[in-house]
Structures are given as C-alpha cells and as structure tokens.
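J.:
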Amino acid sequence: MSEINVIGLGYIGLPTALMLASHGVSVLGTDCNKEIIDKLLSENITFEEEGLSELFKDAILNGIKFSTEYIATDTYILAVPTPYDKFSKKIDPDYVINAIRSVIKVCYKGATIIIESTISPGTIDKYIRPIIEESGFIIGEDINLVHAPERIIPGNMIHELKYNSRTIGADSKKIGEKVKDLYSTFCQGEIVITDIRTAEMTKVVENTYRDINIAFANELAKICRSDNMNVYEIIKIANMHPRVNILQPGPGVGGHCISVDPWFLVGDYPGLANIILSARKINDSMPRFVLERIRDIMKENGINDLTRIGLYGLTYKENVDDVRESPTLQLIEAMEKHLAPPLKSYDPYVKRNIVKNQYHDFKKFLNDIDLVVIMVSHNEIKKNMDNLIGKIILDTKNICDLDGTYKL
Ligand code: SAJ
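Under the numbering used here, the first residue of the sequence shown is numbered 30, with each subsequent residue one higher.
Spelled out as structure tokens, the structure:
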C-alpha cells in the first residue's frame with residue numbers, strides 16, 4: 030500500500046496515524062506545530078490516553094515519520110480542528126481550507142484526500158470543492174475527495190479506533206471501497222459507504238443526539254433540585270424501563286465535540302434547530318447552576334470566604350488531560366466576570382499551569398479549603414475519596430458516598 034500522510038497530529042490525527050503505522054501502513058505524520066513534531070521526533074507522546082504510548086512504540090518500530098512540511102504522498106488524511114464562530118454559530122472552516130490548500134500545492138494527480146475533521150453538512154460542497162477546482166484539478170479524475178468522520182471517544186480512543194463502525198462518504202462507490210480497504214487495515218467494526226453530504230450530517234447528528242440527551246438529564250437535575258427530589262434515584266429507576274436510557278446530569282458539557290458540533294446545525298438552520306438550541310443553552314447553563322449550588326451550600330454552612338472553596342477536577346471529563354471547554358474553566362470564567370477571586374483548583378491529570386490558584390500538591394489543596402466541589406469523575410478521584418472526610422463536599426458527578434455530601 031502507498032504512503033499515507035496524516036495531517037494534524039492532535040487528539041484524532043495522532044492515534045489514527047499511530048494505528049495505521051502499527052498495522053503495517055507506511056505513514057508520514059504532518060503538523061505545522063514544530064513543538065509537537067519535535068516532541069514526537071524525540072519519541073515522546075503529546076497527550077495522555079490509555080494505550081497511546083504502546084501504540085507509539087509499535088508505530089516507531091514500523092518506521093512512522095514526522096514532518097512540519099507538507100510532503101507529497103498518494104493519500105492524505107486531514108484531522109485538523111474545526112471550531113465554530115462564537116457569534117454566527119457557523120463552522121469556521123479555515124483550518125480545513127488551509128490544510129487543503131497546502132496539500133494541493135504538493136500533491137500529484139491521482140491523490141486521495143480524506144477529511145476526518147468534523148464539518149457541518151455542506152462544507153465540502155461550499156468550501157472545499159471550489160478550492161480544488163480553482164487550482165485546476167478535476168475532482169473524481171485528478172483528485173478523489175472523501176469524508177470519513179472520526180467517532181472515537183477520548184478516554185477509550187484506541188479501543189474505539191479498532192472496534193467502532195465507521196462512515197465513509199465518497200463521490201463514487203469505487204473510491205469509497207478503496208478508502209474502506211485502508212481503514213480495514215486496523216478497523217474491525219462495520220464500515221459503511223455513503224455519499225459525502227450524508228457522512229457530514231451523520232457525524233454532527235450523532236454528537237447532537239448526545240448533547241440533547243445530556244441536556245434532558247441536566248434539566249431533570251434542575252427540576253428535581255427545585256422540588257427536593259433525588260434525580261439520580263429517579264434516573265436509575267426510569268432506566269429500568271426497557272425503552273428508557275437517560276444519561277447522567279453533570280456540571281456542564283465540555284470538550285471540543287459535543288459542545289461545538291450542535292452549533293453547526295443551529296447556525297445553518299436557524300428557526301428549525303429548536304430542540305438543539307435549547308439543549309445547548311441548558312448544557313451551557315450548568316456551570317452557573319453549580320455556582321448557585323455553591324452559594325446555597327456556603328450560606329447553609331456559614332462559609333463567607335470564597336478562597337476556602339476548591340474545585341476538584343479541571344478537565345472536560347474523566348480520565349483525560351484535555352481541558353478544552355471544560356465546565357470547571359467555564360465556572361472559573363463566570364466567577365471572574367463577577368470580579369471574584371479565582372477559585373482554588375486541583376486536577377491529578379493536569380500537570381501544567383492553566384489557571385490562577387491551581388494546585389499541584391493535593392494535600393496542600395485540601396489544607397487550604399473547607400468546601401470541595403467534585404467536578405470530574407477521574408478514577409484517581411474516585412479512589413481517593415476518603416481523603417475528603419471532614420470537608421464539606423459538593424459532588425456534581427454523583428461519585429461520592431460520604432455522609433452529608435451535597436449533590437447537584
Ligand atoms: N457528559 C455528561 N453526562 C453524560 C455523558 C457525558 O454530562 O451522561 C459530559 C461529559 O462529562 C463531557 C461531555 O458531556 O463534559 C462530553 O463527553 P462525552 O464523553 O459524551 O463525549 P466526547 O466529547 O468525549 O466524545 C464525543 C463522542 N460522541 C458520541 O458519543 C456521540 C465520540 O464518539 C466522538 O468521536 C467525539 O465526541 C468527537 O470527536 O466528535
């Protein structure tokens with residue numbers, strides 16, 4: 030098989046490149062960030078993920094290469110970020126567009142470009158095809174364009190890369206089959222071939238579905254709090270019904286996927302995407318709801334000093350080191366807007382300094398606070414629950430059984 034150039038070595042691109050390489054595919058990993066490439070060239074992984082180090086070792090043994098320059102290969106996989114514009118709520122396709130432009134500069138006729146980044150439905154038609162055509166290439170003859178959105182969940186990426194089913198959107202069955210062969214080198218899940226627009230929409234729909242379901246759980250938490258009912262007990266019992274499966278309430282929805290992708294639909298279909306918009310608003314309101322809970326608990330316990338509160342967990346979810354759009358950061362930001370002193374925080378997964386008043390010594394963190402707010406259900410936090418005995422605890426993730434623990 031020919032060489033594959035994986036462009037964008039972040040949370041999706043890196044595991045994908047390593048997985049391909051460790052399954053015997055010749056892989057070149059490209060990233061414009063020199064720091065990332067230098068780290069990988071010195072044989073260090075760039076983020077924490079179960080099984081990633083082992084995969085990296087296999088990929089190195091199999092000769093994976095890294096570069097900051099775009100180099101010509103037969104097939105390109107683009108896994109660059111796709112943020113959304115905070116005002117228009119529409120996709121910001123600049124990273125994808127720039128990556129496509131850079132590929133076009135170096136690629137030969139016959140190349141296949143696979144876009145793995147999540148994009149809103151219609152992005153390929155609207156932005157990508159015109160760029161390729163303007164450069165003189167004929168799509169389908171000179172260049173094959175494919176959308177193969179990733180589906181892996183941080184925290185279980187390596188397992189899901191292998192076993193999840195995948196979608197391949199292509200202009201023709203032939204090219205879809207060719208790309209299916211490539212992913213079949215490591216993917217044991219079913220690989221469905223469809224058209225590009227369907228693949229674009231399906232991916233966004235999957236994440237929107239989850240966002241709406243989390244919003245339902247969060248709304249229930251608010252309703253139950255307002256009338257003194259136990260939301261967890263209610264969800265547990267309701268879920269015993271064979272056709273009910275409610276998700277878990279929490280301090281908010283973070284990460285770069287679920288908190289972003291539904292906005293693509295809101296931005297592109299205003300007036301039609303109504304449940305989707307409400308769900309986004311409910312999930313975005315949760316860090317403020319946690320703040321209200323903190324305020325009530327402080328009042329109940331006669332705590333006046335905000336500096337005696339500590340947020341336990343900074344990442345957007347459990348067992349990852351990714352803090353993008355994390356509810357804890359949203360909460361800290363909301364406090365800053367009220368000109369309050371930054372709350373103390375600690376996360377066993379976050380070694381670098383990302384916020385003011387962040388601790389790296391857990392004992393010191395505990396010594397300096399009276400009220401601890403559990404924000405993330407890291408295994409490490411669950412294991413060390415007894416350390417919290419004697420503190421006032423607000424548990425937003427329902428993982429603490431200690432007597433007197435406050436819940437959402
Ligand atoms: N969360 C809750 N309650 C729940 C489940 C999640 O509050 O019951 C919160 C989490 O704490 C987190 C946020 O939602 O803050 C998102 O976490 P997640 O675990 O639901 O999802 P992500 O963002 O890590 O990954 C999602 C996945 N999509 C779906 O499950 C439909 C993953 O498969 C995608 O590949 C990924 O988005 C992506 O890259 O698009």
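Built from N, CA and C at the ideal position, the CB exists for glycine as well. Keep in mind the model is a prediction, meaning the values are calculated, not measured.
In three-state DSSP terms, what is serine 71?
T.: The answer is coil: DSSP assigns serine 71 none of H, G, I, E or B.
J.: Pairing CB atoms from the region 123-131 with CB atoms from the region 79-95, are three or more of them under 8 angstroms?
T.: Flag = no, the region 123-131 and the region 79-95 do not touch.
J.: Compute the beta-carbon to beta-carbon distance between isoleucine 142 and tyrosine 113, rounded to the nearest angstrom, for a pair I have assumed lies under 8 angstroms.
T.: So it is not a contact: roughly 23 angstroms between Cβ atoms.
J.: Please look up how many angstroms separate the CB atoms of valine 208 and alanine 177, rounded, as I've assumed it's under 8 angstroms.
T.: 6 angstroms
J.: Under 6 angstroms Cβ to Cβ from lysine 385, same chain only, skipping five residues before and after it: list those, please.
T.: Contacts found: Pro371.
J.: Measuring only the C-alpha atoms, how far is serine 19 from tyrosine 192?
T.: Past the boundaries of the shown model lies residue 19; the chain is included only from 30 to 437, so the question cannot be answered.
J.: Mark arginine 195 as exposed unless 16 or more other C-beta atoms lie within 10 angstroms of its C-beta, in which case mark it buried.
T.: Buried is the call here.
J.: Using the C-alpha atoms, what's the distance from glutamate 248 back to isoleucine 311?
T.: 7 angstroms
J.: Put alanine 101 into one of helix, strand or coil per three-state DSSP.
T.: Three-state DSSP puts alanine 101 in coil, outside helix and strand.
J.: Using a Cβ-Cβ cut-off of 6 angstroms (strictly less than) and excluding sequence neighbours within five positions of valine 439, which residues of its own chain qualify?
T.: Since the displayed the chain opens at 30 and closes at 437, residue 439 lies outside it and no answer follows.
J.: Can you check the region 186-240 for any alpha helix (DSSP H) of at least 4 residues that lies completely inside it and give the ranges in chain order?
T.: 186-192 and 202-212
J.: With DSSP as the reference, label asparagine 34 as helix, strand or coil.
T.: strand
J.: So does glutamine 277 have its beta carbon nearer than 6 angstroms to some heavy atom of the ligand SAJ?
T.: yes
J.: Mapping DSSP to helix, strand and coil, what is glutamine 387?
T.: Glutamine 387 falls in the strand class under three-state DSSP.
J.: Within 10 angstroms of its Cβ, does aspartate 210 collect 16 or more other Cβ (buried), or is it exposed?
T.: Classification of aspartate 210: exposed, given that the 10 Å Cβ count is below 16.
J.: Quick one: is phenylalanine 116 buried, meaning 16 or more other Cβ sit within 10 Å of its Cβ, or exposed?
T.: exposed
J.: Near arginine 309, which residues of its chain fall below 6 angstroms by C-beta distance, leaving aside the five closest residues on each side in sequence?
T.: Pro291
J.: Please classify alanine 199 as buried or exposed, where buried requires at least 16 neighbouring CB atoms within 10 angstroms.
T.: buried
J.: Rounded to whole angstroms, what is the Cα-Cα separation between histidine 52 and glutamate 78?
T.: 19 angstroms
J.: Is it true that the CB of cysteine 136 sits closer than 7 angstroms to the CB of alanine 108?
T.: No, these two residues do not count as a Cβ contact at 7 angstroms.
J.: Using alpha carbons as the reference points, say which of Val289, Arg353 and Gln387 lies closest to glutamate 336.
T.: The sequence given here has threonine at residue 336, not glutamate. If we check each option's Cα against that of threonine 336, Gln387 comes out closest.
J.: From the DSSP secondary-structure annotation, give me the bridge partner or partners of valine 402.
T.: Paired residue(s): Leu340 and Leu423.
J.: Please report the distance separating the alpha-carbon of isoleucine 33 from that of leucine 47.
T.: The alpha-carbon separation between isoleucine 33 and leucine 47 amounts to approximately 11 angstroms.
J.: Suppose you measure from the CA of arginine 254 to the CA of tyrosine 261; what does that come to, to the nearest Å?
T.: 11 angstroms
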